[in-house]
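Notes follow the structure.
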Amino acid sequence: MEKKKSFIIYYLLLCEGTTEYNLFAYITRNKFRGLFDKSNIKFSDRVQIVKSNVSQGKLNGAGTISSFKAKYDSIKKKYSGQTLFFVLDKDLDDSSRIETMIQAGGDIVQFLICNSEHLLLKLAGKSPKEPSDFITLKDFRDYCKAEFLKQFGKDAPRFKDFDFDLVFNNCTEDEIRANFTELFATTE
């Protein structure tokens, strides 16, 4: 009996910035390449909206609900009918409103708890401080960037596959999947 061929489903990938993009690429094209190669889900980063500063799957920041909404609306207009897959830090005051907007539009969001720097520090076993240790989320974000530089000797956007290997070799597959539930749900 012949196996039924499944349809390929494409999602347009939109990451908050370079770090989130590189992290997504590492997970899907390196660490779990076999799983994502076998999946009928494919991701395309061919999203380009010059006036909104969106290029090659990178939003170049999410900022506030109003700045995110402006980018989101332009992307939805230009790429109508396409499902969008967002990879965003969850360290903004407006994160829950951004999540609601994305889901209401029929799209998917993978939040990085609390942000990419904090997540990578945690997965590497570095025990970073939590958002509750700070008065504002801005203070927390500033701390995460400084702590990341202190612990790894480089800014997060400069992380390459070798650097990600050092982080991800310290954690289990279950830990990785628990932090990327929406991403791994696309393979099921």
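Taking the working numbering, the leading residue of the sequence shown gets 1409, the next gets one more, and so forth. Note that the Cβ used here is the ideal one computed from N, Cα and C, for glycine as well.
- The Cβ atoms of CYS1423 and PHE1415 do not sit closer than 8 Å to each other.
- In this structure VAL1517 touches PHE1494 by the C-beta definition: roughly 4 Å separates them, less than 8 Å.
- Of all alpha-carbon atoms in ASN1448, ILE1435 and LYS1484, the one lying nearest the alpha-carbon of VAL1575 is that of ILE1435.
- The beta carbon of GLU1555 is closer than 8 Å to those of GLU1525, LEU1529, LYS1534, PRO1536 and LYS1537 in its chain, skipping five residues each way along the sequence.
- For CYS1579, the CB contacts under 6 Å within the same chain, skipping 5 residues up- and downstream, are LEU1531 in chain order.
- In the DSSP assignment, SER1452 falls within the unbroken beta strand (DSSP E) covering 1449 to 1452.
- Under DSSP, PHE1519 shares a beta bridge with LEU1496.
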